[in-house]
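Visitor:
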């Protein structure tokens, strides 16, 4: 397909356009073709043409997650991840998927603390079909009581499998609820069981109207598309959607933690002990220092030569797996460090040893910093990950959207390599000193315990 220049797009006089912009030249091949526009209803659309194969994708980033919930309605963002595939006033439940599959497409969705992302992959010839489907569910989602109750049961079952019946999932949920005492990051994305059971129809309708509005979303389309066609279809199917009042901003700031918090989860179904630390980072994904956190996390956990793997798994053989991951969100989140132990006859003793080893290794980073070789390796790993993403239309769309929502400008995606290169070993050490403190952490211990004897076994033992 022929690419449409910015000048031609403006000359067409496309309706509902509040702003149009072109990406400046960048080192990523093809990125100079990216164009964006914002409809008058507030929906921002970013298009990255890529004609290598005749496919395209359609990513909708809704700025809503468990961060936007409160006691009584926790889990609603995740619930809508299910409801958005279950009918509109125009289409029956399941028709969204059937129509997309008939056109050769597929879809998925995910929910986090901060975002809900809906993804469609399809032959580029099906572009108008996808716009019709997406515009319909943004405008006309059905709240059929039977469907709501059916999906409520599905979500409850999902919670049981991913949290209630998963020992590590339970530990992480409890640690998050303990680490945050004020900020809504304390709520689990899937929701608390009692809230899942008691959502009301009015709760659903109010939440949907507030957060699934065009002015609370970013649309990214990458692949074998012509921006002129994309914008024309957006005018047809999305521009008529009503803008809603801006959602109430989240202004709560988590108070500084004043001392270690410890929780213990005891599970009969736990196969192995786990020791985990959750440190407040003080950094949201849009912070200029977030790349420093990413590199610190990489040095601690990525690859066989990482700090945690070398010390706990290779040298001391005290754990079968050790790692770390950092939250990516609008507000400051957690850096979680964990070690999974082998099955043990001395659970308490082995867990105490792992705590000592973790404490020592993290203290070394804060005290002595990281080596030049470690920093180079971390930069190389992050660069490789970035370029792998840029090799596919899915990676391009996801990266563009995440950069737009978290940093406020998708152009900053192309500053990624420079941002990592600007981080020094001194920066990483300073951050480690600041956050890797006992007073700043929540410690979580997963302890396998013997199952309580059943009533039948108790009777037989008499």
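Residue numbers (our numbering): -10 to 451. Where a beta carbon is used, it is the ideal one built from N, C-alpha and C, also for glycine. Here the structure is a predicted model, which is why all the values come from computation and not from measurement.
#1: By DSSP, does residue 209 sit in helix, in strand, or in coil?
#2: How far does the alpha helix (DSSP H) with residue 85 in it reach, from first residue to last?
#3: Residue ranges of each beta strand (DSSP E) run of no fewer than 3 residues wholly in the region 199 to 261, ordered along the chain?
#4: Could you pull out every residue in the same chain whose Cβ sits closer than 6 angstroms to the Cβ of residue 172, ignoring the five residues on either side in sequence?
#5: My guess is that residue 111 and residue 94 are in contact by the Cβ rule of under 8 angstroms, so how many angstroms apart are they, rounded?
#6: Quick check on the DSSP output: the beta strand (DSSP E) that includes residue 37 runs from which residue to which?
#7: Along the chain, where does the alpha helix (DSSP H) containing residue 72 start, and where does it finish?
#8: Check whether the Cβ atoms of residue 54 and residue 188 lie closer than 9 angstroms to each other.
#9: Kindly indicate which residue of 402, 281, 38 has the alpha-carbon position closest to the one of residue 424.
#10: Can you tell me the Cβ-Cβ gap for residue 390 and residue 207, rounded? I've got them flagged as a contact below 8 angstroms.
#11: Is the separation between the beta-carbon of residue 100 and that of residue 123 shorter than 9 angstroms?
#12: Where does residue 436 sit, in a helix, a strand or coil, going by DSSP?
#13: Residue 50 to residue 439, Cα distance in whole Å?
#14: Let me make sure I understand the geometry here. Which of 317, 413, 17, 387 has the alpha-carbon closest to that of residue 469?
#15: Just to confirm, are residue 367 and residue 270 a CB contact at a threshold of 9 angstroms?
#16: Just tell me which of 395, 223, 354 has its CA closest to the CA of residue 415.
#17: Given this structure, state the Cα-to-Cα distance separating residue 159 from residue 198, to the nearest angstrom.
#18: Using DSSP's beta-bridge definition, name the partner residues of residue 49.
#19: Span of the alpha helix (DSSP H) holding residue 499?
#20: Please go through the same chain and pick out, in chain order, the residues whose beta-carbon is closer than 8 angstroms to the beta-carbon of residue 254, but skip the five residues on each side of it.
#21: Leaving out five residues on either side along the sequence, give the residues of the same chain with a beta carbon under 6 angstroms from the beta carbon of residue 103.
#22: Nearest by alpha-carbon distance to residue 314: which of 322, 258, 308 is it?
#23: Pull up the distance between the alpha-carbon of residue 126 and that of residue 136, whole angstroms please.
#24: Starting from the C-beta of residue 401, find all residues in its chain whose C-beta is less than 8 angstroms away, skip the five residues before and the five after it, and write them out in chain order.
#25: Using the beta-carbon count (16 or more within 10 Å), is residue 204 buried or exposed?
#26: Using 8 angstroms as the threshold, is the region 289 to 309 in touch with the region 331 to 343, meaning 3 or more CB pairs across them?
#27: Return the Cβ separation of residue 397 and residue 232 in integer angstroms, given the expectation that the two are a contact with Cβ distance under 8 angstroms.
#28: Ordered along the chain, which non-local residues of its own chain (more than five positions away) have a Cβ less than 7 angstroms from that of residue 262?
#29: Measuring alpha carbon to alpha carbon, tell me which residue in 250, 277, 369 is nearest residue 429.
Guide: From the atom records:
#1: To locate residue 209, count along the chain shown from 1; it is residue 220. DSSP places residue 209 in strand when its eight states are reduced to three.
#2: As a first step, residue 85 is located in the chain shown; it is residue number 96 there, counting from the start. Residues 84 to 91.
#3: 206 to 212, 250 to 256
#4: The residue given as residue 172 occupies position 183 in the chain shown. Closer than 6 angstroms at Cβ, skipping near neighbours: 241, 243.
#5: Your numbering for residue 111 matches position 122 in the chain shown. Your numbering for residue 94 matches position 105 in the chain shown. Indeed they touch by this definition, with Cβ atoms about 3 angstroms apart.
#6: Reading the chain shown from its first residue, position 48 is the one you call residue 37. That run of the beta strand (DSSP E) goes 33 to 38.
#7: Numbered from its first residue, the chain shown carries residue 72 at position 83. First-last of the alpha helix (DSSP H) with residue 72: 65 to 72.
#8: For the purposes of this step, residue 54 is taken as the residue at position 65 of the chain shown. For the purposes of this step, residue 188 is taken as the residue at position 199 of the chain shown. No. Outside cutoff.
#9: Start at 1 with the first residue of the chain shown, and residue 424 comes out as number 435. Measuring from the Cα of residue 424, the nearest candidate turns out to be 281.
#10: Here residue 390 corresponds to residue number 401 of the chain shown, with the count starting at 1. Here residue 207 corresponds to residue number 218 of the chain shown, with the count starting at 1. About 6 angstroms; that satisfies the 8 angstroms criterion.
#11: The sequence position of residue 100 within the chain shown is 111, counting from 1. The sequence position of residue 123 within the chain shown is 134, counting from 1. Taking 9 angstroms as the Cβ cut-off, residue 100 and residue 123 do not qualify as a contacting pair.
#12: Stepping through the chain shown from its first residue, residue 436 is reached at position 447. Reduced to three states, the DSSP call for residue 436 is strand.
#13: Taking the chain shown and counting its residues from 1, one reaches residue 50 at position 61. Taking the chain shown and counting its residues from 1, one reaches residue 439 at position 450. Each residue's Cα considered, the two are about 45 angstroms apart.
#14: This structure cannot settle anything about residue 469, because the visible part of the chain is limited to -10 through 451.
#15: Against the chain shown, residue 367 aligns to sequence position 378. Against the chain shown, residue 270 aligns to sequence position 281. No, the Cβ-Cβ distance between residue 367 and residue 270 is not below 9 angstroms.
#16: Your numbering for residue 415 matches position 426 in the chain shown. Ranking 395, 223, 354 by Cα distance to residue 415 puts 354 first.
#17: As a position in the chain shown, residue 159 is number 170, starting the count at 1. As a position in the chain shown, residue 198 is number 209, starting the count at 1. Their Cα atoms are separated by approximately 32 angstroms.
#18: Translated into the one-based positions of the chain shown, residue 49 becomes position 60. Per DSSP, 107, 208.
#19: Given that the chain is displayed from residue -10 to residue 451, the structure contains no residue 499 and the question cannot be resolved.
#20: As a working mapping, residue 254 is identified with position 265 in the chain shown. Within the same chain, residue 254 has close Cβ partners 156, 159, 160, 163, 433, 434, 435, 436.
#21: Position 114 of the chain shown, counted from the first residue, corresponds to residue 103. Once the five neighbours on either side are set aside, the close Cβ partners of residue 103 are 54, 56, 318, 319.
#22: In the chain shown, the residue the question calls residue 314 occupies position 325. Among 322, 258, 308, the Cα nearest to that of residue 314 is on 322.
#23: Within the chain shown, residue 126 is the residue found at index 137, counting from 1. Within the chain shown, residue 136 is the residue found at index 147, counting from 1. About 15 angstroms.
#24: In the chain shown, residue 401 corresponds to position 412, counting from 1. Excluding sequence neighbours, residue 401 sits near 392.
#25: Here residue 204 refers to the residue found at position 215 when the chain shown is read from its first residue. Buried.
#26: yes
#27: The count along the chain shown starts at 1 and reaches residue 397 at position 408. The count along the chain shown starts at 1 and reaches residue 232 at position 243. With 8 angstroms as the limit, residue 397 and residue 232 do not qualify as a contact, their Cβ atoms being about 19 angstroms apart.
#28: Here the question's residue 262 lines up with position 273 in the chain shown. Same-chain partners within the cutoff: 330, 333, 336, 339, 340, 435, 436, 437.
#29: As a first step, residue 429 must be located in the chain shown, where it is residue number 440. Among 250, 277, 369, the Cα nearest to that of residue 429 belongs to 250.
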